[in-house]
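Under our numbering, the first residue of the sequence shown carries the number 1, and numbering increases by one thereafter. Scroll down for the structure; my scribbles are underneath it.
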Amino acid sequence: MSRFIRLENPPRFDDHKEYLPFLRRDFRYRCAYCERTEAFLGWEEFFEIDHFRPVWRFGEQAAHYPNLYYSCGKFNRHKGKTWPSDALVASGFCFADPCQEDMYVEYLQEAPDGKLQPLTNCGCYTSDHIRLNRRALLDWRQDRQQAAQDLESLARAASRFEGLLPANLGPVEQRRIREAIKTLKARIVRDGQRFAL
Ligand SMILES: [Zn+2]
Numbered sequence: 001m002s003r004f005i006r007l008e009n010p011p012r013f014d015d016h017k018e019y020l021p022f023l024r025r026d027f028r029y030r031c032a033y034c035e036r037t038e039a040f041l042g043w044e045e046f047f048e049i050d051h052f053r054p055v056w057r058f059g060e061q062a063a064h065y066p067n068l069y070y071s072c073g074k075f076n077r078h079k080g081k082t083w084p085s086d087a088l089v090a091s092g093f094c095f096a097d098p099c100q101e102d103m104y105v106e107y108l109q110e111a112p113d114g115k116l117q118p119l120t121n122c123g124c125y126t127s128d129h130i131r132l133n134r135r136a137l138l139d140w141r142q143d144r145q146q147a148a149q150d151l152e153s154l155a156r157a158a159s160r161f162e163g164l165l166p167a168n169l170g171p172v173e174q175r176r177i178r179e180a181i182k183t184l185k186a187r188i189v190r191d192g193q194r195f196a197l
């Protein structure tokens, strides 16, 4: 749910894999396309480097940092070597570029059931070719919607607990409430990272 802005300034490498640590930071530890996080998928072993413009067509960009995107392995396999023809691009059928725009705002709209409705030809092409409406991603979006609601309630509960700390409360009670608040806040941070909220 955001556009990715590169802040890293890596040196030049011949092997594109050397850019991995820079990409992880620039893509904020999540897949550039489905936006699932390392914390959700099981850390970096589920992630790969995608060549946004595929090497078979744009060989000169094989180790060009701006052409490298951090993505989950599933996405990379679905995208594979797909690239639209010039005629398709001219009609607007092309991959949305998450470094240029927030595709979840510009090209796609998320429904309460997690399904994405394409708003443009670009959204249609992107959604179809990387299968953004497959079951696992619908579940992820529904879980994220639920987590957003839950985290809001938890944040409200945490601040209510803090307001319930009268000075005349015994030290044991005070400690118990403080522990409960700490646990709630830790949960808010953990789930926030997991769902990139
Ligand atoms: Zn992905």
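Yeah, the Cβ is synthetic: ideal placement off N, Cα and C, and Gly gets one too.
Query: As assigned by DSSP and simplified to three states, the class of Tyr107; Result: coil
Query: Segment contact flag, the segment 179 to 192 with the segment 147 to 154, C-beta cutoff 8 Å, min 3 pairs; Result: yes
Query: Cutoff 8 Å; reference Pro84; Cβ partners in own chain excluding five residues on either side; Result: Phe93, Cys94, Phe95 and Tyr125
Query: Presumed contact (8 Å Cβ cut-off) between Ala196 and Pro98, rounded CB distance; Result: That belief does not hold up - the Cβ atoms of Ala196 and Pro98 are roughly 13 Å apart, past 8 Å.
Query: Residue from Asp102, Cys122 and Val89 whose Cα sits closest to the Cα of Glu35; Result: Asp102
Query: Tyr70 CB to nearest heavy atom of ligand 1 below 6 Å; Result: no
Query: Every unbroken alpha helix (DSSP H) inside the segment 31 to 116 [4 residues or more]; Result: 38 to 41, 73 to 79, 86 to 90 and 103 to 106
Query: Residues that Pro118 bridges to, as DSSP identifies them; Result: Leu108
Query: heavy atom of ligand 1 below 6 Å from Phe75 C-beta; Result: yes
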